[in-house]
Structure formats: structure tokens, C-alpha cells
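Protein chains in written order, with the numbering used here: chain B, 1 to 144; chain D, 1001 to 1143. The structure appears below as C-alpha cells.
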Amino acid sequence: MLDSPPVSRAVEERNRRMLRARDAMDRGYAQPLDIPTLARIACVSEAHFIRTFRATFGETPHRYLQRRRVERSMFLLRESDRSVTDICFDVGFTSLGTFSRTFREIVGQSPIAYRRSSAPVPGAVPTCFTMAWARPSSFGEDGR
Amino acid sequence: MDTKSFNAITHAHVWVLDHQEALDFYVGKLGLEVKADYTRGGFRWLTVGIPGEPVPEIVLDVPGPPVMDEKTAEQVRELVTKGATGVVMVLRTDDCFGLYERLRAKGVEFTQEATDHGYGVDCGLRDPFGNQIRILQPKSWQG
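Dropping the structure here:
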């Protein structure tokens, strides 16, 4: 019931704006989301946005988005029979080279090898839960 | 052996940052109803739930003294506003697509549009503080 102190209030409002930008990545990963767009959603300057996002969530927005896209591509590789090229563009990558390189770097194997080695997640697990937990972890790695 | 330990979930708890703002959202926008609202001294017991359903009641609670010191309350508020409290509730409906449109028109902040996932249609939203809520229309519920 107490009013929050002003400093704390400012932090909370900043967190909430960063969360809004992160939600936009989770929702709009398939679109060409760039830093100016995300900074606008968070109502801060571009330089400030990258720094603040990293301080809030422990990785840069670019890395967060890459991992979301890779997670969604892993989902499609497991659960659909779309081609790797189609999946690459479905999840928002604009070149197959970047997709393959990023995928291998994050997952440790190629998209094709991943598809061969993976079984679909049982239908009883809600997609929102899979999406939250199956995003390859970035923690322990220096955010890029 | 056959005796059940429990027979209902009657209450669950959500941290909010402000009671009035919580009411504007949970009652004014989502359409839940106030089940209990009792203020005494420094505390307020405020719960909401599905209109006409006795349980569960969701306790809308503001972190702070004397339950916890101001520093701890600040940490709780940090976690809530970062979206780190997880999915605080899943609400069931029999018309997820329609509800999604109606709530969007009221300015509710959605994290995921209504989507058919096979097991049912669901969508995701945040309360004004950062807590995540899902709305689910399970397939078996569609008749």
C-alpha cells in the first residue's frame, strides 16, 4: 500500500518498457525487427536501448532475437516437414548462410543434423511453455 | 489410500504494484469480479475470481512492509516488471478468438495473438505490471 520510492519507480517503468520490446521480439521474430524499431517500442534512444536491455535481461537484444529465431526454427525442424530454406525465411533470417552459421553456433549441429536427431515434443506440453524453455540458453555466454 | 488430500484449489496469489490499477485491469478489462475486499490498518485483502464461481480466488497483493522490508519489496517489483514471475494464471474460455478481439479493443497488451496449437486455441497477455496470463480454449472444451 506504500507508494514506491521514485528511484524504484523509474527502474520498474524501465523494466516494463524493456519487457515490452522483448515481447515484441517473441511475437514478431518473423519480421525484420531492427534496433530502431525496438528502441521505439521501449521509448528510448538506440544506444540506450541496447545497453539497458542487456543490463535488464543479461544479453543483447540482437542475441535474444537470434535465439528466439533459432528456437522457432528448431520447432519447425522437429514438428514440420518444411525445407530448411523455407524455415530459414519463416523465422525471420534473410540469408541461408547466416541462418546455418548462427544455428550451428548456438545449437552445436547443423539444421539437418538437428532434424534427424530430434523427436517432436509431446502434444500435452503447451506451446508457450516450449517456447519459453526450449530457447537455447545464452547465460554464461558474453552477450553479443 | 483412496482418500484425496485436497478437494479444490481455493486461492492463488499474484503480486501487483497497485491495488486500484489491478482492479481496473482484472475487473474492468478482463471481466473478473471482486470476491473480497477488506482493508484494515496497513493491509488490504483483495481477491478476484470468475463471476458466479466460488473458487478459485486470486489474491491481488502489493509487496511491502510489514510482510517484507522495502528492499525486498523492490526486488519483487523488479522481478514482476521484468516478466520473471512466469505464467501466473491460465483462464479458460469457450471463445478464444472472440475474446482476444474484444480484449484487444479494450487496450489489453497481448504477447501472442489467438492461435490454434492443436491442443486448443490460446493467446497470451500481460497485466499492467508484467505478469503473464494465458487464455485457453482447450479442444475438448469446444464440443
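All C-beta atoms in this analysis are idealised placements derived from N, C-alpha and C, irrespective of residue type, glycine included.
Under DSSP, the beta-bridge partners assigned to I1133(D) are M1089(D) and L1125(D). Taken atom to atom, the span from the alpha-carbon of I87(B) to that of G28(B) is near 15 Å.
Within the same chain, Cβ atoms closer than 8 Å to the Cβ of L96(B) are found at V84, T85 and C88, the five residues on either side in sequence being excluded. Interface with chain D (8 Å Cβ-Cβ cutoff): D23(B) is included. Between D1127(D) and F1025(D) a beta carbon distance of about 5 Å is seen, short of the 8 Å cut, so the two are scored as contacting.
Boundaries for K1029(D): no alpha helix (DSSP H) harbours it, and the DSSP string shows neither H nor E there.
Here the C-alpha atom of A24(B) lies approximately 19 Å from the C-alpha atom of F75(B). In this structure, the straight-line span from the alpha carbon of V44(B) to that of L1017(D) is close to 23 Å. At a C-beta separation below 7 Å, R27(B) has these neighbours in chain D: T1111 and Q1112. Between the C-alpha atoms of L33(B) and G1052(D) there is a straight-line separation of about 44 Å. Every beta strand (DSSP E) of 3 residues or more that sits fully in the segment 1041-1119 of chain D is shown, in chain order, as 1043-1049, 1057-1061, 1087-1092 and 1109-1116. For A47(B), the enclosing alpha helix (DSSP H) begins and ends at E46 to F57.
In chain order, W1045 place their CB closer than 6 Å to the CB of Y1038(D), counting only its own chain and leaving out the 5 sequence neighbours on each side.
Judged by DSSP in its simplified three-state form, K1035(D) adopts strand. With fewer than 16 other Cβ atoms inside 10 Å of its own Cβ, V7(B) counts as exposed. In this structure the segment 129-138 of chain B does not touch the segment 1028-1036 of chain D; the number of beta carbon pairs closer than 8 Å is below three. Pairing D1061(D) with E105(B), the inter-Cα distance amounts to about 43 Å. Only residues of its own chain outside the window of five on either side were considered, and among them L77 have a CB closer than 6 Å to the CB of R115(B), listed in chain order.
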